[in-house]
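Heads up: the structure comes next, in structure tokens.
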Amino acid sequence: MANLGGLSGAGGLVVGPPGWSGVAAGRKPNISLVVPVYNEAQAIEAFVTAVRDVFAQLHASFEIVFVDDGSIDGTATVLSHLCLRVPGLVVVRLSRNFGKEAAMTAGLDYCTGDAVVPIDVDLQDPPEVIGDFLEVWSRGVDVVYGVRRERHESLGKRVMAQLFYRGFNAIAVRPIPVDAGDYRLMDRRVVDALRSLKERNRFMKGLFAWAGFRSESVVFDRPARVMGVTKFNLSRLISLAMDGVVGFSTLPLKVSSGLGVLVALAAVAMMLFIVVSALFYGNPVAGYPSLMAVLLFLGSVQLMSLGVIGEYLARMVSEVKERPTYVVEAVVASEVGSMATPALTVS
Ligand code: UDP
Ligand code: MG
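Note that UniProt numbering gives residue 184 to position 184 of the sequence shown, counting from 1, and the numbers run on in steps of one.
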């Protein structure tokens with residue numbers, strides 16, 4: 001079967017042959033690591049060393065596509081110096097901080113491997129696991145995702161993650177594997193399928209699950225961050241979770257309209273009760289507490305429902321505007337050694 005990667009037919013995406021992406025027998029598969037980095041000057045060198053050590057043991061060649069997500073520390077300098085010394089590096093520098101999801105999208109657009117592995121630079125996704133990923137991939141599995149057994153993170157973060165994964169799966173169109181992050185290996189045809197998704201709201205874990213394909217998991221321990229600090233504070237995590245829910249479920253909208261119906265029914269019942277009791281027993285006028293209770297309740301339900309609609313509307317506005325997901329300022333590669341500025345903005 002010919003590799004039809006990326007061709008569209010009858011409104012759908014036609015992708016190439018299953019697994020191993022048609023890597024010719026005997027040829028070393030080429031693996032792309034996609035690494036979003038934001039102010040990670042301290043962590044990059046150790047990461048590159050670890051990756052090179054791992055690939056020295058594997059029957060595969062590699063490229064590392066760093067996406068510099070608008071870093072303001074020495075990240076850009078560290079990366080361009082590394083390009084002069086280490087082969088197989090590509091640095092895509094974004095014009096500002098677009099967030100990890102957008103940076104990962106850029107990495108998927110710029111990588112060329114037969115299989116692609118999104119990985120964090122802080123060694124919390126241990127590169128040794130790539131060997132296991134490759135082994136499963138060689139059996140024709142298109143997506144091999146890492147599942148974290150031990151998470152050396154704060155209790156609060158672990159509880160929030162658990163709550164989110166379970167809540168998300170209860171309402172989302174496609175469930176995401178519990179305790180799987182972005183660390184995974186994807187065959188080229190999965191990457192092509194992901195690249196065909198044009199939405200701006202890129203909650204990658206949801207998009208990965210949406211793409212489907214034959215998937216298997218590999219379990220690993222997630223160590224604590226060795227260098228640098230986490231780039232995700234509470235508000236960023238909440239906004240990511242909101243992106244996920246709004247992008248992959250319409251249940252909140254349905255709940256808010258269902259709630260509207262319930263409240264309307266309760267209001268009618270109460271109205272009848274008030275009218276009938278006033279007719280039979282007269283009206284002692286003392287209705288302030290019940291009036292306030294009803295008023296506040298109705299007001300808060302209305303505001304809540306409006307808020308839910310607003311969340312969807314806000315994302316619709318950003319989709320309709322069709323702004324690019326990211327803007328590339330420059331691309332540097334080891335082979336070139338010098339800076340190439342792309343003529344166009346890629347989204
Ligand atoms: N990151 C990024 N852009 C951002 C935030 C984070 O590219 O706006 C990168 C970061 O440099 C790291 C990866 O995303 O390589 C994961 O970030 P972090 O380790 O802070 O997340 P955590 O592991 O705490 O969830
Ligand atoms: Mg981390």
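For every residue, glycine included, the Cβ atom is placed at its ideal position computed from N, Cα and C.
All values derive from a computational prediction rather than experimental measurement.
DSSP state of residue i, grouped into three classes?
i, result
"residue 285", "coil"
"residue 204", "helix"
"residue 147", "strand"
"residue 157", "helix"
"residue 136", "helix"
"residue 53", "helix"
"residue 162", "helix"
"residue 124", "coil"
"residue 303", "helix"
"residue 48", "helix"
"residue 23", "coil"
"residue 295", "helix"
"residue 310", "helix"
"residue 88", "coil"
"residue 197", "coil"
"residue 322", "coil"
"residue 142", "coil"
"residue 344", "Because residue 344 carries a pLDDT of 44, less than 50, the predicted location of this residue cannot be relied on, and the following value inherits that uncertainty. Coil at residue 344, not helix or strand."
Please go through the same chain and pick out, in chain order, the residues whose beta-carbon is closer than 6 Å to the beta-carbon of residue i, but skip the five residues on each side of it.
i, result
"residue 209", "174, 176"
"residue 149", "219, 221"
"residue 227", "42, 43"
"residue 87", "334"
"residue 80", "332"
"residue 95", "327, 329"
"residue 23", "29, 114"
"residue 61", "28, 30"
"residue 100", "36"
"residue 111", "32, 34, 65"
"residue 172", "248, 249"
"residue 73", "39, 41"
"residue 71", "38, 39"
"residue 93", "68, 329, 330"
Can you name the start and end residues of the beta strand (DSSP E) that residue i belongs to?
i, result
"residue 40", "From DSSP, residue 40 is part of no beta strand (DSSP E); its letter is neither H nor E."
"residue 220", "215-222"
"residue 187", "180-187"
Per DSSP, residue i is paired with what?
i, result
"residue 93", "68, 330"
"residue 290", "DSSP, once it has assigned bridges, lists no residue as partnering residue 290."
"residue 31", "62, 115"
I'd like the span of the alpha helix (DSSP H) that includes residue i, first residue to last.
i, result
"residue 172", "Residue 172 -> no alpha helix (DSSP H), and no H or E assigned at all."
"residue 80", "75-85"
"residue 101", "100-110"
Starting from the C-beta of residue i, find all residues in its chain whose C-beta is less than 7 Å away, skip the five residues before and the five after it, and write them out in chain order.
i, result
"residue 342", "Interpretation of residue 342 is limited by its pLDDT of 44, a score under 50 that renders its predicted location unreliable; no figure is taken from the coordinates."
"residue 50", "123, 127"
"residue 108", "34, 116, 191, 194, 195"
"residue 133", "117, 144, 185, 218"
Going along the chain, which residues of its own chain have a beta-carbon closer than 8 Å to the beta-carbon of residue i, five neighbours each way excluded?
i, result
"residue 246", "201, 252, 311, 312, 315"
"residue 325", "98, 102, 105, 106, 200, 202, 347"
"residue 309", "253, 256"
"residue 75", "37, 38, 39, 40, 41, 44, 68"
"residue 305", "256, 257, 259, 260"
"residue 298", "263, 267"
"residue 224", "124, 152, 153"
"residue 319", "199, 200, 201"
State yes or no: is the beta carbon of residue i nearer than 8 Å to at least one beta carbon in chain C?
i, result
"residue 309", "You won't find chain C in this structure, because it holds only one protein chain."
Just to check, is the beta-carbon of residue i closer than 7 Å to a non-hydrogen atom of the ligand NAP?
i, result
"residue 151", "Looking for the ligand NAP in the displayed structure turns up nothing; the ligands present are the ligand UDP and the ligand MG."
Entirely enclosed beta strand (DSSP E) segments - the region 211-278, minimum 3 residues: Within the region 211-278, the runs of beta strand (DSSP E) that reach at least 3 residues and sit entirely inside it are, in chain order, 215-222.
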